[in-house]
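Note sheet for the following structure.
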Amino acid sequence: MTELYPISRSEDAATSSIIDLVASGNRAMERGRAAIRACGYDVGNTFEVGEAGVDRLGAHPVWIELDRDQGHVLDHWLMAFDAHSENAGLPVAVAMDEMLLDPVSSIVGPHIELLVAPEQAARAAAMALLVAREAGGRVGDARGSDPAALRRLSEEVQRIASTLSKMSDGGLADDRPAIGAAVDAPAGEQRELSVETVRSVIRARRLREDYFDAELFHDPAWDMMLDLLAAEIQQIRVPVSSLCMAAAVPATTALRWIKTLTDKKLFVRRADPHDGRRVFVELSPDASRAMRGYFHKLGPKFAI
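Residue numbers for the sequence shown follow the numbering used here, beginning at 49 and rising by one.
Here it is, written out as structure tokens:
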């Protein structure tokens with residue numbers, strides 16, 4: 049368990065902010081309690097998953113700490129809580145072990161912040177976000193407000209917003225086709241995109257890490273889009289956990305990118321019809337056409 053050190057906060061913030069805690073067991077309860085206190089907040093009501101009805105939560109922001117899979121008990125409680133928190137506009141964050149990524153992400157909605165095996169800095173940013181949402185009015189009552197303004201408390205999400213803004217608002221070449229626009233090729237020159245071509249680009253991107261620090265090349269949006277394009281060509285479905293691995297960044301960061309790219313209508317989430325605890329992600333039709341148009345325009349000598 050990562051050791052938690054207290055984070056300095058103003059006296060007013062520390063005494064006025066209370067976070068309720070729900071955990072999957074004793075160990076998770078102690079971990080969540082220590083994290084809340086280390087970040088300078090007070091622990092409010094505490095419950096174990098399934099121990100109490102979700103309607104008993106709502107007076108304060110909620111931190112959910114999960115360290116084990118409780119099967120249907122966890123699923124049913126999360127489904128009920130997800131609906132309750134959205135209706136109540138309740139600020140919520142879930143900190144979970146990596147093994148829970150697929151089942152949890154398949155149940156909770158985008159209004160709940162998900163963190164996978166978070167370090168203290170990520171916990172502190174998420175808790176500050178919860179408190180800011182409460183101070184600024186319940187989420188459900190403030191949907192006309194700018195959600196990106198709250199997310200700027202997280203440096204990583206700020207970087208995501210900045211990068212996507214460049215993608216959609218002029219940061220690319222002026223002659224780029226709009227997403228969804230047809231990319232015409234001269235008659236007889238339209239080539240079918242092969243999975244080998246896409247995979248070779250992915251391999252080339254990973255090869256850089258043999259020679260340079262991987263931290264220099266974080267580009268999770270493009271990595272995930274390439275992985276989904278390759279899967280589409282192979283007619284393979286990609287679950288959330290696999291896509292997070294393809295992003296080559298921490299899973300919490302990858303989840304934020306998936307949410308942002310879904311909001312931008314570049315990704316589509318689809319429930320697995322055979323497993324209710326899993327969600328697949330795929331390129332939207334417009335994003336698929338744009339990716340294929342990109343590779344077509346590059347021609348045989350593609351770039352990375």
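For glycine and all other residues, C-beta sits at the position ideal for the given N, C-alpha and C.
No experiment lies behind these values; they were computed from the predicted model shown.
What span of residues does the beta strand (DSSP E) with residue i cover, start to end?
i: glycine 341; result: Element bounds for glycine 341: not the beta strand (DSSP E) but the alpha helix (DSSP H), 333 to 346.
i: arginine 171; result: Note, arginine 171: premise wrong, no beta strand (DSSP E); alpha helix (DSSP H) at 168 to 183.
i: arginine 317; result: 315 to 319
i: glutamate 96; result: 90 to 96
i: methionine 127; result: Taken as a continuous stretch (DSSP letters only), methionine 127 belongs to no beta strand (DSSP E), being part of the alpha helix (DSSP H) at 120 to 136.
i: alanine 143; result: 140 to 144
i: alanine 71; result: 66 to 71
Between residue i and residue j, what straight-line distance do the alpha-carbon atoms span, to the nearest angstrom?
i: glycine 119; j: valine 152; result: 11 Å
i: glutamate 263; j: tryptophan 270; result: 15 Å
i: methionine 339; j: glutamate 78; result: 46 Å
i: arginine 304; j: leucine 162; result: 8 Å
i: alanine 172; j: lysine 345; result: 44 Å
i: leucine 309; j: arginine 116; result: 29 Å
i: leucine 277; j: aspartate 150; result: 21 Å
i: methionine 175; j: threonine 301; result: 16 Å
i: alanine 229; j: proline 333; result: Bear in mind that a pLDDT of 47 at alanine 229, under 50, signals an unreliable position, so the number given afterwards is only what the model happens to contain. Cα to Cα, alanine 229 sits roughly 11 Å from proline 333.
i: tryptophan 125; j: alanine 131; result: 10 Å
i: aspartate 261; j: glycine 80; result: 33 Å
i: aspartate 90; j: leucine 178; result: 13 Å
i: methionine 273; j: glycine 137; result: 32 Å
i: phenylalanine 129; j: isoleucine 306; result: 22 Å
i: aspartate 68; j: alanine 82; result: 13 Å
i: leucine 291; j: serine 248; result: 18 Å
Given that a residue counts as buried once 16 or more other Cβ atoms are within 10 Å of its Cβ, and exposed if not, what is residue i?
i: alanine 296; result: buried
i: leucine 122; result: buried
i: glycine 347; result: exposed
i: leucine 105; result: buried
i: arginine 251; result: exposed
i: glutamate 257; result: exposed
i: leucine 114; result: buried
i: arginine 181; result: buried
i: alanine 46; result: Outside the displayed span of the chain (49 to 352) sits residue 46, for which this structure offers no information.
i: proline 321; result: exposed
Name the residue from the options whose alpha carbon lies nearest to the alpha carbon of residue i.
i: aspartate 103; options: Val91, Met127 and Gly80; result: Met127
i: lysine 312; options: Arg75, Glu182, Ala335 and Cys87; result: Ala335
i: valine 164; options: Arg318, Pro321, Met293 and His322; result: Met293
i: arginine 75; options: Phe95, Asp90, Tyr89 and Ala279; result: Phe95
i: glutamate 134; options: Ile155, His159 and Asp145; result: His159
i: phenylalanine 315; options: Glu330, Val246 and Leu255; result: Glu330
i: glutamate 244; options: Glu280, Asp267 and Phe265; result: Glu280
Discussion item. Would the stretch 273 to 285 count as touching the stretch 98 to 113 if we require 3 or more Cβ pairs under 8 Å?
Written reply: no
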